[in-house]
Amino acid sequence: MSGRYFLKPLSCVVYGSFPQFVQTSFSPIFAAHFYNVQYIIMSIIQQIREKYAAVSIAVIALSLIGFILTDYFAGRGRGGSSQGTSIGSVNGKDIDVNSFSQRLSEMENGYRSQGMDVNDEMRQQLNEMLWSNEVEEIILTGEYEKLGLVFSAADLDDALYGSNPPPALAQQYKDANGNYDAAAARQFINSLKKKKANDPQRVYVERNIIDYLIQNGLRMKYAALVSGAVFYPKWLSDKEITDQSSIASISYVAVPYQTISDSAVKVSDDDINAYVRKHKNEFKQTESRSISYVVFDAAPNAADSAAALGEVVKLKDSFARAADAAQFIIANTSTTPFYDGYVLKSTMQIPNGDTIRSLAVGAVYGPYADGGNYVLAKMIAKREMPDSVKCRHILISTVDPQTGTPLLSDSAAKVKTDSIAKAIAGGADFAAMVTKYSTDQGSKEKAGEYEFTSQQFGSLAKEFAEFIFYNGKGSKQVVKTSFGYHYIEIMDQKKIEPAYKIAYFSRTVEPSDETINSASTAAAQFAAEARNAKQFDAAVTKNKLVPRIAEVRPTDYSIIGLGGARNFVRWIYENGTGDVSEPTTLNDKVIVALITEEREEGLPDAKTVRVQVESIIRNQKKASEIISKIGNNRDLNQVATSFKTNVLRADSISFYSPFIAGVGMEPKLTGAAFNPANKGKVGEPVAGNSAVFLFRTETVGLLPAGNAAYNERRAQMEAGMKQSAANASLQALRTAATVKDRRIKFY
1 MSGRYFLKPL SCVVYGSFPQ FVQTSFSPIF AAHFYNVQYI IMSIIQQIRE KYAAVSIAVI
61 ALSLIGFILT DYFAGRGRGG SSQGTSIGSV NGKDIDVNSF SQRLSEMENG YRSQGMDVND
121 EMRQQLNEML WSNEVEEIIL TGEYEKLGLV FSAADLDDAL YGSNPPPALA QQYKDANGNY
181 DAAAARQFIN SLKKKKANDP QRVYVERNII DYLIQNGLRM KYAALVSGAV FYPKWLSDKE
241 ITDQSSIASI SYVAVPYQTI SDSAVKVSDD DINAYVRKHK NEFKQTESRS ISYVVFDAAP
301 NAADSAAALG EVVKLKDSFA RAADAAQFII ANTSTTPFYD GYVLKSTMQI PNGDTIRSLA
361 VGAVYGPYAD GGNYVLAKMI AKREMPDSVK CRHILISTVD PQTGTPLLSD SAAKVKTDSI
421 AKAIAGGADF AAMVTKYSTD QGSKEKAGEY EFTSQQFGSL AKEFAEFIFY NGKGSKQVVK
481 TSFGYHYIEI MDQKKIEPAY KIAYFSRTVE PSDETINSAS TAAAQFAAEA RNAKQFDAAV
541 TKNKLVPRIA EVRPTDYSII GLGGARNFVR WIYENGTGDV SEPTTLNDKV IVALITEERE
601 EGLPDAKTVR VQVESIIRNQ KKASEIISKI GNNRDLNQVA TSFKTNVLRA DSISFYSPFI
661 AGVGMEPKLT GAAFNPANKG KVGEPVAGNS AVFLFRTETV GLLPAGNAAY NERRAQMEAG
721 MKQSAANASL QALRTAATVK DRRIKFY
């Protein structure tokens with residue numbers, strides 16, 4: 001099964017000026033590498049043929065072809081990999097790039113259909129989401145097979161038509177009483193089975209409804225099995241209650257590590273590597289690379305800002321005189337487009353808002369700075385307008401909103417709508433007329449009623465929006481839109497307040513060619529001097545530059561301080577340590593970077609973790625030296641004297657808290673204090689976080705425990721454990737899985 005990602009529900013199958021059914025598009029990746037280079041080969045061969053002998057032609061041509069084909073089959077370059085079309089694998093199961101790219105494209109289209117901007121950052125986030133889902137699905141499918149879990153035809157029938165149907169179907173198919181019409185939904189699903197396998201609507205429903213239900217059903221079965229294994233026994237409950245109320249007091253001698261100089265203890269790379277291997281679960285590292293880079297700023301400077309301001313100032317009078325502000329904005333390529341609508345006073349969030357709202361109609365204010373723009377604001381009109389409107393309508397469509405197929409001629413639709421309006425004016429029931437005539441299926445179960453806020457104004461058909469927001473409560477009228485003819489009644493309006501239609505003309509402050517060329521030239525000069533690591537460092541020193549450091553992972557879509565840089569991340573992973581980049585423009589910066597280190601997935605080397613673990617290992621060595629000096633002496637007073645310190649006491653040590661007053665966080669000492677073997681006598685020295693401790697447990701007791709009945713405690717504990725059991729199981733499976741991620745070669 002494929003396409004298990006719920007992009008947009010079937011509840012979007014509505015009519016009129018409201019959301020339409022999403023028609024997905026498919027854009028698999030095609031490998032055109034060979035065909036691109038074939039033209040290059042033939043061009044070179046033609047030049048050789050004109051100048052050299054036949055033998056040379058054959059030798060060189062075969063060499064060229066061999067080189068290119070070797071490059072092609074090795075999968076070098078964008079879209080290729082040494083693994084063919086596999087972008088990765090999970091427990092040996094490959095993930096195909098074409099299938100993955102198709103689903104990624106569908107996800108992007110789904111977000112675009114909801115008005116979202118799918119930029120590079122969003123695209124990479126969707127890529128990560130899809131990859132995570134794919135990995136989890138493969139892992140769980142393996143578990144389902146081991147457990148014999150299946151989602152039967154009966155399960156699917158119940159999921160589609162039972163008491164808890166998919167929201168998409170439940171919202172779309174309702175009977176006269178507003179209840180889920182399972183028969184109508186079944187008829188719709190059965191009609192899809194008669195369509196071709198590649199029919200867009202069938203594919204959409206299968207991938208985003210059917211497959212989703214199947215996978216979600218299997219996950220629920222798996223989660224039920226895992227959570228069903230949760231049990232909180234009485235002995236554990238009793239022990240936890242005892243542990244929570246246990247307290248102890250000790251006498252102790254602390255020999256701090258600082259009594260030995262750090263310089264007296266050497267920590268070798270072998271020491272660090274041994275420590276890391278012993279604690280490998282704490283030090284697992286993901287694949288990453290480090291770069292050192294220098295920045296040449298191409299951001300707008302003061303001269304560029306002055307130039308942008310000057311352009312706006314020159315156009316102020318023309319903007320004020322323009323009879324058509326919208327046309328002026330288009331003709332003069334304003335950064336800010338014209339919005340042909342009103343904005344409520346309470347929702348206006350602009351600089352100098354009070355001044356702009358007080359402008360007379362036709363007056364212009366500015367220029368003023370707004371972010372990276374210089375702006376002129378022209379008052380076009382003012383009016384009172386509600387924040388929200390409740391209305392009802394009857395739509396007579398002239399075209400099918402899904403297929404664009406004509407339904408009625410314009411004149412026929414107008415006549416029919418006028419007749420409906422006349423009937424309602426004569427006393428006909430509005431709701432009954434909606435049920436009988438309206439082609440807006442999405443509002444039939446609500447008697448044609450909708451509620452809209454002023455922020456939805458721009459998403460509605462312009463004529464529809466203007467009627468319901470610009471006219472008063474109780475107004476009724478036939479209105480034509482691109483969908484057909486509506487008979488509309490305004491039922492209620494709330495929060496009426498001043499609203500303003502304002503035209504904004506703006507210019508973005510952008511770097512001039514001189515600014516860009518200056519940065520590019522400086523970067524090119526630096527790059528010419530820095531072709532390897534040694535030259536890079538020398539050029540940095542010579543030019544008195546301050547290099548920046550960044551750690552980059554294969555899945556990164558941006559670099560801190562540089563912003564979106566996916567193509568540059570790809571360059572980093574296509575090259576190796578010591579390589580220096582060409583000058584690269586990223587947003588308003590030109591950079592030259594040196595790859596300084598490559599870290600493979602697994603355990604880090606000593607150099608990488610030295611700062612992190614050196615002090616820990618040094619303290620371990622100091623502890624061994626201190627313990628050696630203590631030897632077999634278990635007399636607290638003698639040991640205190642020999643180390644020039646005192647015997648101290650700590651009371652009310654809690655078994656559940658490793659914090660000891662006057663000492664700090666010392667879990668090893670806390671645990672040893674409750675060891676029955678140490679009660680009344682001096683135990684073995686304990687190497688703690690800050691010191692070596694020699695101690696004697698004086699007392700162990702219990703504080704009064706709260707009255708918590710086992711059955712109540714069990715119910716509470718098991719409820720929490722069951723909520724996290726399935727997720728914890730999945731995380732454990734992911735940790736144990738062998739996942740190979742090769743997406744960096746494709747995206």
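Letter 719 of the sequence shown, counting from 1, is numbered 719 in UniProt numbering, and no numbers are missing. Glycine residues also receive a C-beta, built at the ideal position from the N, C-alpha and C atoms.
Which class does residue i belong to by DSSP, given the choice of helix, strand or coil?
{"i": "A499", "result": "strand"}
{"i": "A377", "result": "strand"}
{"i": "Q285", "result": "strand"}
{"i": "M385", "result": "strand"}
{"i": "S43", "result": "Because S43 carries a pLDDT of 40, less than 50, the predicted location of this residue cannot be relied on, and no value is offered for it."}
{"i": "Q477", "result": "strand"}
{"i": "Y180", "result": "strand"}
{"i": "A54", "result": "Annotation note: pLDDT 41 at A54 (below 50); position unreliable, coordinate value reported separately. If DSSP states are grouped into helix, strand and coil, A54 belongs with the helices."}
{"i": "R634", "result": "coil"}
{"i": "T584", "result": "strand"}
{"i": "F659", "result": "strand"}
{"i": "L702", "result": "strand"}
{"i": "Q349", "result": "coil"}
{"i": "G578", "result": "coil"}
{"i": "V265", "result": "coil"}
{"i": "T670", "result": "helix"}
{"i": "A447", "result": "coil"}
What do you reckon, are the CB atoms on residue i and residue j nearer than 8 Å?
{"i": "I490", "j": "S475", "result": "yes"}
{"i": "S227", "j": "A726", "result": "yes"}
{"i": "A565", "j": "L586", "result": "yes"}
{"i": "Y573", "j": "P547", "result": "no"}
{"i": "S443", "j": "E449", "result": "yes"}
{"i": "Q201", "j": "E137", "result": "no"}
{"i": "D400", "j": "L407", "result": "yes"}
{"i": "I468", "j": "V389", "result": "yes"}
{"i": "N373", "j": "T347", "result": "no"}
{"i": "R714", "j": "S263", "result": "no"}
{"i": "K420", "j": "Y339", "result": "The identity of residue 420 in the sequence shown is Ile, whereas the question assumes Lys. Result no, Cβ atoms of I420 and Y339 do not sit closer than 8 Å."}
{"i": "V265", "j": "R618", "result": "yes"}
By the DSSP assignment, the alpha helix (DSSP H) with residue i in it spans what residues?
{"i": "Q124", "result": "120-147"}
{"i": "P167", "result": "167-172"}
{"i": "L733", "result": "710-736"}
{"i": "L603", "result": "From DSSP, L603 is part of no alpha helix (DSSP H); its letter is neither H nor E."}
{"i": "V203", "result": "200-205"}
{"i": "R277", "result": "269-278"}
{"i": "L460", "result": "Run containing L460: none; DSSP gives neither H nor E here."}
{"i": "S520", "result": "513-529"}
{"i": "S443", "result": "441-444"}
Please go through the same chain and pick out, in chain order, the residues whose beta-carbon is closer than 8 Å to the beta-carbon of residue i, but skip the five residues on each side of it.
{"i": "L648", "result": "S251, Y252, V253, A254, G662"}
{"i": "E445", "result": "K174, G178"}
{"i": "G341", "result": "F457, G458, A465, K501"}
{"i": "T355", "result": "Y365"}
Quick one: give me the first and last residue of the beta strand (DSSP E) that residue i is part of.
{"i": "A369", "result": "364-370"}
{"i": "F100", "result": "No beta strand (DSSP E) contains F100, which is instead part of the alpha helix (DSSP H) from 97-113."}
{"i": "D429", "result": "Looking at the DSSP string, D429 is not in any beta strand (DSSP E), and its letter there is neither H nor E."}
{"i": "I490", "result": "484-494"}
Ignore the nearest five residues each way along the sequence and tell me which others in residue i's own chain have a CB closer than 6 Å to its CB.
{"i": "V590", "result": "F296, A298, A519, S520, A523, P583"}
{"i": "K668", "result": "V686, G688"}
{"i": "residue 768", "result": "Nothing about residue 768 can be reported from this structure: the residues present for the chain run from 1 to 747 only."}
Is the shortest distance between the beta-carbon of residue i and the beta-carbons of chain D less than 8 Å?
{"i": "F464", "result": "Absent here is chain D; the protein component of the structure consists of one chain."}
Leaving out the 5 sequence neighbours to the left and right, which residues in its chain are closer than 7 Å to residue i when beta-carbon positions are compared?
{"i": "N301", "result": "T515"}
{"i": "D317", "result": "none"}
{"i": "Y656", "result": "D243, Q244"}
{"i": "T405", "result": "V399"}
{"i": "Q124", "result": "Y557, R566"}
Segment contact, 8 Å Cβ cut-off, at least three pairs: the region 419-429 with the region 498-518: no
Cβ contact check for the region 568-582 and the region 621-635: 3 or more pairs under 8 Å: no
Inter-stretch contact at 8 Å, needing at least 3 Cβ pairs: the region 431-438 / the region 389-408: yes
Meets three-Cβ-pair contact criterion under 8 Å: the region 269-278 and the region 675-685: no
The region 405-412 / the region 367-374 touching (three or more Cβ pairs under 8 Å): no
Sufficient close CB pairs (3 or more, under 8 Å) joining the region 312-319 to the region 499-507: yes
At least three beta-carbon pairs within less than 8 Å, the region 136-150 to the region 215-224: yes
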